[in-house]
Amino acid sequence: MLGIKEIKEILPHRYPFLLIDKIESLEPGVKAVGYKNVTINEEFFQGHFPSEPVMPGVLIIEALAQTGAVAMLSLEEFKGKIGYFTGIDKAKFRKKVVPGDVLRLEVEIIKRKGPVGIGKAIAYVGDKKAAEAELSFIVQ
2 MLGIKEIKEI LPHRYPFLLI DKIESLEPGV KAVGYKNVTI NEEFFQGHFP
52 SEPVMPGVLI IEALAQTGAV AMLSLEEFKG KIGYFTGIDK AKFRKKVVPG
102 DVLRLEVEII KRKGPVGIGK AIAYVGDKKA AEAELSFIVQ
């Protein structure tokens, strides 16, 4: 398991944009499972929406992308590099994510050629899918 300290050694993201609290399992270059504890203290809840706080879907996708980046950037050949989005396909949002939820973020790299690839990404709250997408990336 990787804690926040180890995640910060892999990813360049920092507060308030680091959206992973821990990585439970990791197969470098293949798969990562991470978690985000969603709290009312998140800055985005001040405006989205004050009367009914809901985590923005784009931030759920970003949390998934960061989880996939941990999988890729854990490879020796990519240490110290950055993963960039090149595309988001088949995105679906299935459940509201609200304060108190724990997001389980699962990303499997399903296609890769050198520094370019695609990850199949699914976010869960409990056993229910909250969001899913195919995320394309390049590591530079």
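Just so we're aligned, residue 2 is where the sequence shown starts under the working numbering, counting upward by one.
Ideal Cβ positions, reconstructed from N, Cα and C, are used throughout, including at glycine.
Note that this is a predicted model, so its numbers are computed, not measured.
Taking C-alpha positions only, Glu10 is separated from Gly4 by approximately 10 Å. The three-state secondary structure of Ile89, taken from DSSP, is strand. Each of Gly69, Ile139 and Glu43 was checked against the Cα of Pro57, and the nearest Cα belongs to Glu43. Cβ contact annotation for Val126 (same chain, cutoff 8 Å, sequence separation greater than five): Lys96, Val98, Asp102, Val103, Leu104 and Arg105, in chain order. The beta carbons of Tyr36 and Glu25 sit closer together than 8 Å. Residues Glu133 of the same chain have their beta carbon placed closer than 6 Å to that of Lys93, with the five preceding and five following residues left out of the count. Gln47 counts as exposed, since fewer than 16 other C-beta atoms from the protein chains shown sit within 10 angstroms of its C-beta. Annotation: the continuous beta strand (DSSP E) that includes Ile139 extends over Lys129 to Val140. Just so you know, the alpha carbons of Gly120 and Val34 end up roughly 12 Å apart. Annotated three-state conformation of Val59 is helix, per DSSP.
CA-to-CA, the gap between Lys114 and Gly69 works out to about 15 Å.
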